[in-house]
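The numbering used here applies: residue 16 is where the sequence shown begins, and numbers increase by one.
Here the structure is laid out as structure tokens; the discussion comes afterwards.
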Amino acid sequence: MASSPITPKLLRHLASLARVALQEKEADRLLRDLQRITALFGELQKLSMPHHLQETSHSDGRARDDAPSPQQSARGAEAFPETERSFLKLPPLFQ
């Protein structure tokens, strides 16, 4: 794994700012997890993105139009065949 910007010293500092008391074992596990996460973000930054992807925001601060395409609507209807009014209906998450 490449060098991570998350160091034990930084983790202790962040924990103190958040007023979180971490046991040594918890801090070690959290440090490893955060280092893995930042390494994954590093891998994502290396990916080449296709030029046809539309930007989600513009330099002047306005957002792109948030209108579903016919393809998105069709995929949603296939994945969620049940609807209520105009919303896609999910099964209950909690019983």
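Where is the CB? At the ideal position from N, CA and C, for every residue including glycine.
Small disclaimer: the values here were computed from a predicted structure and weren't measured.
Residue i versus residue j: straight-line alpha-carbon distance, rounded
i   : j    : result
A89 : P96  : 10 Å
S25 : L108 : According to the sequence provided, residue 25 is Leu. The question's Ser does not apply to it. Approximately 37 Å between the Cα atoms of the pair.
T22 : A94  : 42 Å
Q60 : F102 : 34 Å
T53 : G76  : 27 Å
V35 : P83  : 42 Å
Q49 : Q86  : As written in the sequence, residue 49 is Leu, which differs from the Gln given in the question. Each residue's Cα considered, the two are about 37 Å apart.
A92 : E39  : 49 Å
A30 : L55  : 22 Å
Cutoff 7 Å; reference residue i; Cβ partners in own chain excluding five residues on either side
i    : result
A111 : Any question about residue 111 goes unanswered here, given that the chain covers just 16 to 110.
L46  : I21, P23 and L26
Contacts around residue i, its chain only, beta-carbon distance under 8 Å, and the 5 residues preceding and following it disregarded
i    : result
K104 : F95, E97 and T98
Identity of the residues DSSP links to residue i by a beta bridge
i    : result
L103 : T98
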